[in-house]
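Undergrad:
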Amino acid sequence: MKTSVSNRPPFIGIRILKLIYASELFDDVYGDLHEIFIDRIEEKGLVYARFYFWLDVFMSVRNYGLRKKIKVTQNNSFAMFKNYFKITMRNIAGDKMYSALNIMGLALGIAAFIFILQYVSYEKSYDKFHSNVDNIYRVRYMVYRSGDLNIDCAAAVPRVGPFMKEKMPEVVDFARAFPMEGVFAKDQI
Numbered sequence: 513m514k515t516s517v518s519n520r521p522p523f524i525g526i527r528i529l530k531l532i533y534a535s536e537l538f539d540d541v542y543g544d545l546h547e548i549f550i551d552r553i554e555e556k557g558l559v560y561a562r563f564y565f566w567l568d569v570f571m572s573v574r575n576y577g578l579r580k581k582i583k584v585t586q587n588n589s590f591a592m593f594k595n596y597f598k599i600t601m602r603n604i605a606g607d608k609m610y611s612a613l614n615i616m617g618l619a620l621g622i623a624a625f626i627f628i629l630q631y632v633s634y635e636k637s638y639d640k641f642h643s644n645v646d647n648i649y650r651v652r653y654m655v656y657r658s659g660d661l662n663i664d665c666a667a668a669v670p671r672v673g674p675f676m677k678e679k680m681p682e683v684v685d686f687a688r689a690f691p692m693e694g695v696f697a698k699d700q701i
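Numbering (my numbering), first residue to last: 513 to 701.
Set out below in structure tokens:
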């Protein structure tokens, strides 16, 4: 239905809506109020519709969440943190057992995180002190008998190192590792 000039909502009411709402929301709010205005004209007449349009405009002033956003130039974060601190202290003082359990749980969680982080860091740093860490490989000695793994050891057969250096030009040098029990290293100064 096309509205004539006399069937339009009051111009000043529309201007007030533009002042109240941000530009993104004005079209939605005005569209809804305009539809309601047209329905009221058809039901009860133009005077009734205009009166209730004004009432809707003044009632929409209460919608604080939809108003235009005012830029705040003052940063008041210190007062906010002070208020959070007060509330926290009141909650701790009010329910000491619950607060103690929460603080202990937080401390245990942080401690577990630090231990896991330390362990992962240690595991990832294996042999990183070598200058050619990208060119170091480990040959493992694994013996299978009837499809089952019997021996899995880092100490390969002694002849493997010289054989690999002799047959593979990519191998520059080798070192052997032997499991030894009861051997201790001591610095001689």
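Glycine is no exception: its CB is placed at the ideal position from the N, C-alpha and C atoms.
No experiment lies behind these values; they were computed from the predicted model shown.
Mind pulling the beta strand (DSSP E) runs of 3 or more residues that sit fully within the region 627–673?
TA: Fully enclosed beta strand (DSSP E) runs of 3 or longer: 653–657, 660–665.
Undergrad: Less than 8 Å between the CB atoms is what I'm expecting for TYR656 and CYS665, so what's the real figure, rounded?
TA: The pair is not a contact, with the Cβ atoms about 13 Å apart (cut-off 8 Å).
Undergrad: Taking its Cβ as the centre, do 16 or more other Cβ atoms sit within 10 Å of ARG602, making it buried, or is it exposed?
TA: Exposed, by the Cβ-count rule.
Undergrad: Within its chain, find whatever has a CB closer than 6 Å to the CB of MET513; leave out the 5 residues flanking it on each side and keep chain order.
TA: Annotation note: pLDDT 48 at MET513 (below 50); position unreliable, no value reported.
Undergrad: Between which two residues does the alpha helix (DSSP H) harbouring GLU536 extend?
TA: It spans 535–556 - the alpha helix (DSSP H) in which GLU536 sits, taken as one unbroken run.
Undergrad: Based on Cα-Cα distance, which residue from ILE553, ALA591, ILE524 lies nearest to PHE570?
TA: Checking every option, the nearest Cα to that of PHE570 belongs to ILE524.
Undergrad: Here's the rule: buried if 16 or more other CB atoms are within 10 angstroms of the residue's CB, otherwise exposed. What is PHE565?
TA: It is buried - the Cβ of PHE565 has at least 16 other Cβ atoms within 10 Å.
Undergrad: Would you mind stating whether VAL684 and VAL651 have Cβ atoms separated by less than 8 Å?
TA: Contact: no.
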